[in-house]
Amino acid sequence: MRIKDLEAFRAEVRAFLDENLTPELRDAAALQAGVYSEGDVCRSWHQTLYQKGWVAPSWPEKYGGPGWTPIQRMIFESECAAAGAPILPGMSILMCGPVLIRFGTEEQKSFFLPRILSGEHFWCQGYSEPQAGSDLASLRCAAVRDGDDYVINGTKIWTTHAHYANWIFMLVRTSTEGRRQDGISFVLAPMDTPGITITPILSMSGEHEVNQLFFDDVRIPMSNRVGDENEGFKIAKYLLEFERGGGDAGMQVSLVLKWLDEALVQAEAQGFKLRDSSYLTKRAEIEIDLLALTWTQRRIVSELETGQSVGDVSASLLKLTASDLYQHATELALATLGPYGAVDQRVALGEDEGLIGPRYGAVFGARYLNGRAQSIFGGTSEIQHTIIARSVIGR
Amino acid sequence: MRIKDLEAFRAEVRAFLDENLTPELRDAAALQAGVYSEGDVCRSWHQTLYQKGWVAPSWPEKYGGPGWTPIQRMIFESECAAAGAPILPGMSILMCGPVLIRFGTEEQKSFFLPRILSGEHFWCQGYSEPQAGSDLASLRCAAVRDGDDYVINGTKIWTTHAHYANWIFMLVRTSTEGRRQDGISFVLAPMDTPGITITPILSMSGEHEVNQLFFDDVRIPMSNRVGDENEGFKIAKYLLEFERGGGDAGMQVSLVLKWLDEALVQAEAQGFKLRDSSYLTKRAEIEIDLLALTWTQRRIVSELETGQSVGDVSASLLKLTASDLYQHATELALATLGPYGAVDQRVALGEDEGLIGPRYGAVFGARYLNGRAQSIFGGTSEIQHTIIARSVIGR
Amino acid sequence: MNLMLNESQCILRDSVGRYLSDNYDHQRRRAAQSDEGWPQQLMRGFAENIGILGLPFPPELGGLDCGPVDTMVVMEALGGALVAEPYLSTVVAAGTILKDVDTAAARNAISAIIDATAVIAIAFSQDGAAGDFSNVKAIARSNGDGYFLSGNNIVTRGGPYATHLLVGTCMGVDGRCALFYVPADAPGLTRVNYSLIDGDRACDLTLDKVAVPADALLTSDAAPLIAKANDATRAAICAESVGIMRRLLADTVEYTRQRLQFGKPLSEFQVLQHRMAAMHVEIELAASMALMVALELESTPPQRSKAAAAAMARIGRAGRFVAENAVQLHGAIGTTDELALGQYFKRILAIDLLFGSPDMHVSRYVESCVDHAN
Amino acid sequence: MNLMLNESQCILRDSVGRYLSDNYDHQRRRAAQSDEGWPQQLMRGFAENIGILGLPFPPELGGLDCGPVDTMVVMEALGGALVAEPYLSTVVAAGTILKDVDTAAARNAISAIIDATAVIAIAFSQDGAAGDFSNVKAIARSNGDGYFLSGNNIVTRGGPYATHLLVGTCMGVDGRCALFYVPADAPGLTRVNYSLIDGDRACDLTLDKVAVPADALLTSDAAPLIAKANDATRAAICAESVGIMRRLLADTVEYTRQRLQFGKPLSEFQVLQHRMAAMHVEIELAASMALMVALELESTPPQRSKAAAAAMARIGRAGRFVAENAVQLHGAIGTTDELALGQYFKRILAIDLLFGSPDMHVSRYVESCVDHAN
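Protein chains in written order, with this note's numbering: chain A, 9 to 403; chain B, 9 to 403; chain C, 223 to 596; chain D, 223 to 596.
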């Protein structure tokens with residue numbers, strides 16, 4: 009695609025965002041961390057994108073993707089970030105969809121894909137268990153065959169948005185023989201299946217994003233298995249690469265920079281002095297690091313064909329770098345608030361006082377605290393280093 | 009000891025240094041890294057201290073120490089650093105002496121200690137071997153009994169100042185049975201014993217400080233063994249703690265700060281701008297880190313009785329922190345030179361041109377390059393972490 | 223200059239530690255934080271059982287006449303149990319000031335501190351001051367027998383449950399700082415109360431012509447005292463941070479020894495071992511700086527202030543490193559609200575935000591060097 | 223905008239790499255550095271065998287008409303073999319300037335570059351400039367037919383063996399920069415030659431009324447060209463650094479796989495594994511920035527300059543990290559002069575000192591943001 013065409017595309021995206029990204033949606037996105045319901049904002053933005061045909065940029069055209077090149081996808085994402093659009097949770101479009109496209113049967117594709125696109129199905133991901141975090145292969149939640157069904161017993165933990173989702177894709181143990189990772193299957197279950205219960209887990213910032221799920225004789229048809237029995241670990245790895253290499257890490261950092269710049273203006277109006285050399289230096293370092301991350305994503309993307317995952321080393325590299333950068337960016341953002349950074353805004357908003365201190369900083373504290381999880385969920389930074397080292401050192 | 013007495017002591021030390029630390033000695037000390045011969049400067053300063061009775065601050069009075077408390081020793085060291093005194097290599101006074109005092113026979117003590125004090129004996133240390141670096145217990149240089157003698161064959165590497173020394177204390181393998189560290193003995197050899205050859209190793213900065221030694225049927229009397237046969241590893245560990253916890257690490261950093269401050273004045277006179285906020289911030293951070301190191305040494309010293317070693321965790325902590333700090337300090341020093349920092353002064357001084365660029369920076373480059381070895385020699389920073397972890401985690 | 227704790231300091235440390243472990247824990251703290259009466263209960267316990275509310279005060283007023291190292295010992299223990307407020311503001315900050323004010327009102331205030339009838343919040347920080355408490359902007363005007371005070375003070379820790387406030391103002395035309403001791407229920411004084419991320423309560427405070435009697439004026443030359451109280455507060459915060467860090471590392475060691483992944487305890491992975499070693503190093507360096515600043519509190523003001531900046535800078539850096547790695551090594555459970563760990567983490571974060579980041583204190587250190595040189 | 227190398231770039235990379243591995247190695251480099259004839263030999267080899275001296279120049283002058291990405295490819299290969307000088311000063315820096323000067327003298331100079339009869343050193347840095355080459359202070363005065371040049375230039379890389387110098391001066395009264403192309407043997411031009419830590423030769427240069435003819439003046443409005451050449455130099459240095467870093471990591475991986483301690487290869491210790499992973503991450507980020515700045519060289523001057531500052535800042539940081547850890551992971555042998563490693567380490571260090579530290583480039587980046595905003 010020629011530069012001129014790309015610029016025309018960028019203009020089209022901007023026009024669309026100008027028109028459809030209402031001030032209410034922008035505000036909601038900016039305040040997203042635990043203040044407004046993630047569910048409503050996401051559903052509304054998902055619908056808007058769905059109507060336009062842009063909700064699944066990475067999907068092949070035949071399944072409802074817009075037929076964009078990787079570069080167009082990148083332009084779309086960077087424009088969304090620049091405009092402050094809500095970030096949709098990746099479980100449906102970025103994770104479940106591509107797995108079904110690659111590993112699903114025709115029946116599964118034709119049933120699930122349109123419903124993911126339309127937003128009828130909201131997915132959550134059942135991977136981790138209390139004793140199987142970094143060491144995913146040690147998972148124990150078991151699916152036992154019973155006629156044409158699997159009967160699932162066990163527990164899953166750290167399940168983001170399980171309380172919004174109506175479907176879950178999950179890893180279950182279908183065999184205890186052979187190597188541990190060889191007895192795992194990938195199955196799909198409706199969240200309203202009898203026997204599934206949800207227990208919320210509050211994050212350090214006091215928000216409810218993750219959950220523990222308990223499965224008590226949960227019965228699903230064997231046709232809800234994706235891929236072969238005991239071959240689920242292959243799919244899991246494919247998906248982890250998506251999670252790690254997925255496009256939204258850099259996008260989140262550029263959002264933080266955007267907030268920082270808005271904060272700068274407001275803060276100075278309120279008498280905070282941010283524009284000193286230490287602040288400007290740190291902000292510049294973050295911007296430079298973001299540039300390095302973005303161009304690394306671009307380099308990797310340009311080696312890809314549509315729909316392929318980025319490979320485990322590149323995925324780990326991006327995940328590691330992005331989470332580190334996000335943590336630095338949110339730390340700097342929080343520091344702009346001075347003592348008001350120490351206010352628990354979630355409690356304040358829940359009580360009578362309302363927001364305390366400058367409005368621009370309403371979610372900086374929650375973002376910083378939640379950001380601690382970035383280097384843990386989806387594989388800790390330590391695990392990412394191990395994956396990279398394996399390839400760098402070779403065996 | 010009361011504060012008033014300590015201040016009187018400090019005044020006495022200052023007066024002594026004022027009188028005896030000639031401008032020539034100060035200059036030589038400041039330019040020490042590879043420009044002047046270390047040997048001459050050290051011998052001269054050693055003699056001066058010896059005449060005063062202050063050459064072995066840590067030794068008990070009965071063996072020729074000055075009878076100072078740990079606090080007096082610290083005052084002495086900090087005054088020496090502040091005055092820019094030469095730093096004597098630790099192998100004789102800080103390492104060999106204390107080992108003999110603790111583990112030597114009466115005969116060994118009465119023969120060696122006075123000669124160490126007087127400077128007649130200059131020691132070097134034979135620990136590492138090409139295949140036994142961090143993993144010291146795997147050393148192979150062997151001493152085999154033959155009548156009343158040991159016959160030594162093998163090699164030692166990274167032997168600092170072997171080309172100046174007339175004695176070596178070394179670890180040799182006297183048994184290959186049992187645990188690897190159980191077959192090691194600690195022996196002393198004159199460097200002019202037939203069969204010892206020295207091969208220089210140039211450092212990255214082009215200087216000759218370390219050597220490889222080859223032992224070819226080197227015969228020494230068994231009376232030159234310190235401690236019991238096959239009990240040498242205990243002595244080695246004791247000594248490593250001295251090397252790691254020894255007082256000169258912080259002293260070297262404070263010397264670097266002293267040079268930096270002199271450099272600042274000279275640099276500004278020559279049109280370099282150093283006093284910007286980034287330089288001042290970095291300098292302050294180093295000074296603050298030095299304060300933390302110094303007070304940690306003080307805390308540890310105040311738990312000690314005279315002559316005791318500091319314990320392996322404290323020793324590792326000090327070694328790790330000091331080497332890290334030294335590296336940061338020399339990096340900052342080098343940066344003050346701008347492009348002149350890239351000049352190879354050793355070559356320039358060896359050729360016709362003489363020193364290139366500002367005089368204050370003559371050895372900053374060599375100090376930075378040699379400083380890379382600080383986190384390696386005497387046990388890498390990684391080994392120090394392992395030692396500390398063992399104690400922190402407990403087993 | 224023996225730097226080890228002496229016998230009475232060891233006894234103090236042990237008795238505070240024992241009292242807290244018997245009377246205080248994570249669950250009780252969480253329950254208590256929703257109840258504005260809790261700190262008074264705890265303060266009464268301190269007064270009745272271990273006497274530490276009198277720590278720095280002279281014996282003739284009922285105090286223990288202890289020094290900065292004793293305060294360090296107590297603050298480290300409070301940090302370890304996560305109960306720094308309102309001891310810090312009442313005994314350390316207000317105590318430093320009241321001790322140096324030779325008025326009957328000040329002596330009465332000290333007696334009230336010692337028997338736990340006064341709990342004092344500090345109101346001499348100002349909007350935008352971000353950790354520098356000496357930026358005093360409120361105004362006092364004489365009203366015949368006494369004064370009217372007007373102004374405001376943001377993020378006043380312990381303000382919601384304080385019985386009294388120490389209010390800093392600019393006096394009259396000469397612009398010098400003055401300090402007033404003001405009952406929290408004085409008419410014209412309003413508080414907007416809220417919670418901080420570490421669970422403590424704070425308020426934004428507004429004074430609208432609050433009338434106080436003449437003897438509420440503690441001093442009309444408050445700048446030196448405010449500087450001294452700020453440095454004493456910093457020294458105490460340093461000790462508190464060390465107590466918190468020790469607990470964070472202890473919890474992390476314990477967790478990694480128990481948690482199995484890939485068939486062995488996390489504590490057997492070399493990368494995690496070295497991380498914990500690095501945490502230990504940071505804590506030891508921090509402890510040295512906490513001791514250093516305690517000992518330097520009695521030096522000249524420039525020396526004292528420089529020492530406090532150095533200690534805050536170094537300990538702030540250590541605190542972030544230790545806290546962030548404690549969470550990281552706990553993995554997912556570390557990011558939740560389920561463990562005490564999260565509370566300790568947030569306390570370290572709150573200290574950074576309320577008392578100034580390492581960067582800010584390094585800048586203060588640089589300025590103090592420049593001042594010193596000129 | 224496909225960011226992968228195209229076919230001709232791959233061929234270029236492979237042919238330069240093969241030529242260097244056949245004709246150049248560590249031993250030869252060390253031997254050659256004591257001989258001031260060496261770079262000319264290598265440059266002649268480049269001209270005769272692989273033609274890269276003509277890389278950026280138009281075909282009508284005998285050049286290859288290649289772009290910044292091709293230069294990046296060549297510089298990365300040169301970095302990997304540690305032979306950046308004098309390609310950088312002659313082809314990249316001087317080439318950028320000469321290409322934009324439309325005079326017969328400039329065209330002749332380009333032809334001489336391409337056939338390796340001219341080796342050019344850059345003399346428009348000044349005392350105290352520390353990496354910012356645009357601080358031009360030498361003076362030119364008209365002398366009827368031509369000019370007298372006076373001034374000096376410190377740490378002129380490649381100066382000792384250069385056939386020509388590009389001298390920057392302030393012209394006349396309007397203070398604008400001018401650029402002169404000066405034969406190195408011109409009377410009045412003196413050089414104090416010395417070695418740099420990376421083994422390259424440099425000199426402090428003094429011009430004392432050096433007479434040059436009128437056509438030695440390349441331009442009397444040199445500032446934009448100097449800025450452009452500096453950014454091109456920075457982009458090239460970034461690529462060179464990436465080549466060096468890749469080699470440092472490759473050597474480190476190889477060494478740790480062979481070196482046994484505690485009964486197993488160093489490469490099996492988790493801490494060292496993770497360190498090498500971190501080095502890899504830094505290198506990949508650096509490579510992305512090197513590509514970014516190459517592509518941005520053709521943007522507007524402010525955008526170009528900002529991109530160059532960002533790339534130098536990020537790559538400088540990566541370089542230090544990779545180089546220092548390469549030495550650390552080699553242990554004692556890494557601190558000696560015995561391995562190529564030490565030369566690569568010192569080259570990274572020299573780049574930092576000669577072309578500006580990450581801190582300096584972050585400051586430049588901040589300034590460019592502020593400029594841009596105003």
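Glycine is no exception: its CB is placed at the ideal position from the N, C-alpha and C atoms.
Since this is a predicted model, take the numbers as computed values, not measurements.
Distances from the alpha-carbon of valine 159/A to those of Pro366/A, Gly203/A and Tyr368/A put Gly203/A closest. Separation of isoleucine 419/C and arginine 456/D (C-alpha to C-alpha, rounded to the nearest whole angstrom) is 46 angstroms. At a beta-carbon threshold of 7 angstroms, the residues of chain B lying near valine 549/D are Arg380, ordered along the chain. Sorting Val195/A, Leu147/A and Asp190/A by C-alpha distance to the C-alpha of arginine 153/A places Val195/A at the top.
For glutamine 480/C, not one C-beta of chain D is nearer than 8 angstroms to its own C-beta. Per DSSP, reduced to three states, the secondary structure at arginine 266/C is helical. The stretch 520-555 of chain D is shown to contain whole alpha helix (DSSP H) runs of 4 or more residues at 523-552, in chain order.
When C-beta atoms of the stretch 207-214 of chain A are compared with those of the stretch 63-76 of chain A, fewer than three pairs fall below 8 angstroms, so the two segments do not count as touching. Separation of the CB atoms of alanine 197/A and valine 226/A is rounded to 7 angstroms, and the pair is thereby assigned contact status at 8 angstroms. Under the DSSP assignment, methionine 393/D falls in the beta strand (DSSP E) whose first and last residues are 386-393.
Interface annotation for the stretch 203-215 of chain A against chain D: empty, criterion Cβ-Cβ distance under 9 angstroms.
In the same chain as serine 324/B, and ignoring 5 residues on each side of it, the C-beta atoms closer than 7 angstroms to its own belong to Arg252, Gln392, Ile395 and Ile396, in chain order.
Shown here for threonine 113/A: not one same chain residue has a beta carbon closer than 6 angstroms to its own, the five before and five after excluded. Cα atoms of arginine 398/D and glycine 373/D: separation of roughly 15 angstroms, rounded to the nearest angstrom.
Taking a beta-carbon distance threshold of 8 angstroms, cysteine 232/D does not count as an interface residue toward chain A.
Interface criterion met: the Cβ of isoleucine 419/D is under 8 angstroms from a Cβ in chain B. Ranked by Cα distance from leucine 507/C, the first of Asp574/C, Asp324/C, Gly564/C and Val544/C is Val544/C. Annotated three-state conformation of glycine 564/C is helix, per DSSP. Annotation for alanine 509/D: Val464 place their beta carbon closer than 7 angstroms to its own, counting only its chain and skipping 5 residues before and after. For a cut-off of 8 angstroms, the C-beta gap from leucine 333/B to glutamine 305/B is around 12 angstroms, too long to register as a contact. Annotation: Cβ neighbours of valine 493/D in chain B (cutoff 7 angstroms, chain order): Glu390. Contact check for alanine 350/A against leucine 265/A fails: the beta carbons are separated by 8 angstroms or more.
In terms of beta-carbon proximity, histidine 496/C lines the interface with chain D, with at least one pair separated by less than 8 angstroms. Nearest neighbour of valine 377/D by Cα position, chosen from Leu371/D, Asp367/D, Arg423/D and Gly390/D, turns out to be Arg423/D. Look at the stretch 155-238 of chain B and you find these whole runs of beta strand (DSSP E), each 3 residues long or longer: 157-165, 175-181, 192-198, 204-210 and 216-229. Remark: C-beta atoms of serine 527/C and aspartate 453/C approach each other more closely than 8 angstroms.
The way I'd put it, the stretch 405-418 of chain D doesn't touch the stretch 557-564 of chain D; fewer than three beta-carbon pairs between them come closer than 8 angstroms. Annotation for glycine 273/D: no residue places its beta carbon closer than 6 angstroms to its own, counting only its chain and skipping 5 residues before and after. If you check the CB distance, glutamine 565/D and aspartate 143/B do not come in under 8 angstroms. Chain-order list of chain D residues neighbouring valine 21/A: empty, with the shortest C-beta distance near 16 angstroms, by a criterion of under 9 angstroms.
Straight-line spacing of the CA atoms in aspartate 581/C and alanine 540/C works out to 13 angstroms. One finds Leu471, Val475, Gln495, Met498, Ala499, Met501 and His502 in chain D with Cβ atoms closer than 9 angstroms to the Cβ of valine 400/A, taken in chain order.
Counting along the chain, the unbroken beta strand (DSSP E) around aspartate 426/C starts and ends at 423-435. Between the alpha carbons of leucine 288/B and alanine 343/B lies a gap of roughly 13 angstroms.
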